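Heads up, the sequence shown is in the numbering used here, so the first residue is 1 and it goes up one at a time. Glycine included, C-beta positions come from ideal geometry on N, C-alpha and C. All values derive from a computational prediction rather than experimental measurement. Okay, structure first, notes after.
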Amino acid sequence: MSNRAPLVVYLDKKYLLAFRIVMLLVSLPFLHDVYLILVSGIADSGEYIVNRGEGWGYYAYLFKKSAFAFLFIWLGTLGAKDKSDITNRD
1 MSNRAPLVVY
11 LDKKYLLAFR
21 IVMLLVSLPF
31 LHDVYLILVS
41 GIADSGEYIV
51 NRGEGWGYYA
61 YLFKKSAFAF
71 LFIWLGTLGA
81 KDKSDITNRD
């Protein structure tokens, strides 16, 4: 197995809640884009407009938006830890 650790941000306890709230708020526009892409079946990046089933561009754009949304959701939930957890982990 790999010794790689997941992406985790360690913060002081007083900043932890604010960081989590901000990360979840930052994820909302990406989640909204993912929702619109799935409902309409159209991926409009501003440069290209691709319909579902026309090619891989639709899925590439959907994956890009989903990846950013997942990153910020991860940081807002399980990816943010208290600094005191660093000493407890070792």
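Per-residue DSSP class, three states only, for residue i
i   : result
D12 : coil
R4  : coil
One or two residues paired with residue i in a DSSP bridge
i   : result
A80 : V9
I42 : N51
The beta strand (DSSP E) enclosing residue i, as first and last residue numbers
i   : result
N51 : I49 to N51
Span separating the alpha-carbon of residue i from that of residue j
i   : j   : result
D12 : G53 : 47 Å
G55 : F63 : 14 Å
A5  : T77 : 16 Å
V91 : G57 : Residue 91 is absent from the model: the chain starts at 1 and stops at 90.
>> Between the stretch 65–80 and the stretch 24–34, can you find at least three pairs of beta-carbon atoms closer than 8 Å?
In response: Counting C-beta pairs with one atom in each stretch, the stretch 24–34 and the stretch 65–80 have three or more that are closer than 8 Å, which means they touch.
> Contact between the stretch 38–51 and the stretch 16–26: three or more CB pairs below 8 Å?
Replying inline: As far as the Cβ criterion goes, the stretch 38–51 does not touch the stretch 16–26, which means the pair count is below three.
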